[in-house]
Amino acid sequence: GAFTKLRGKMSKDADVVIHNRHGLKPQGDFVQIYEALPVESNDETMYRTFNCGIGMVLSVYEKDVSKVLAQTGGEVIGEVRPGDGKIVIESMFSGKTVNI
């Protein structure tokens with residue numbers, strides 16, 4: 355379920371947005387799988403199935419971000435914002451935005 359697992363942890367009136375401006379890039383195996391999939395479904399399929407280089411996601415209050423980053427060595431990969439329960443991902447593969 356990769357990123358679809360976030361849906362069970364989020365409010366129904368919020369969207370999770372994962373940006374592609376962070377440094378957590380998909381490893382070579384993910385790139386090879388992406389390139390082997392049909393073009394019309396490859397971004398969505400990848401993010402529904404694999405973590406694509408992002409091993410764990412923590413959601414923290416904005417005021418706590420600096421403290422959590424200092425303690426974990428992590429990176430900010432996105433945000434939670436008002437919405438209607440979507441998971442929006444800016445693909446690290448193509449740059450397209452996909453909703454899963």
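Just so we're on the same page, this note's numbering is the position in the sequence shown counted from 1, plus 354.
Here a beta-carbon is modelled for each residue, glycine too, at the ideal position from N, C-alpha and C.
This structure is a prediction, so every number in the text was calculated from the model and none was measured.
Item: Looking at C-beta atoms only, is the number of pairs between the segment 378-387 and the segment 433-444 that lie closer than 8 Å three or more?; Value: no
Item: Could I get the ranges of all uninterrupted alpha helix (DSSP H) runs contained in the segment 371-444, with 4 residues as the minimum, in chain order?; Value: 382-390, 396-403 and 419-426
Item: Quick one: measure Cβ to Cβ for D397 and V452, integer angstroms, because I've assumed they're closer than 8 Å.; Value: 5 Å
Item: Got a sec? Which residues, its chain only, sit under 8 Å from Q381 by beta carbon, not counting five neighbours each side?; Value: G407
Item: Cα-Cα, which of V430, D369 and K366 is closest to G409?; Value: V430
Item: DSSP beta-bridge partners for D369?; Value: R435
Item: Hey, how far is the Cα of K421 from the Cα of T403?; Value: 31 Å
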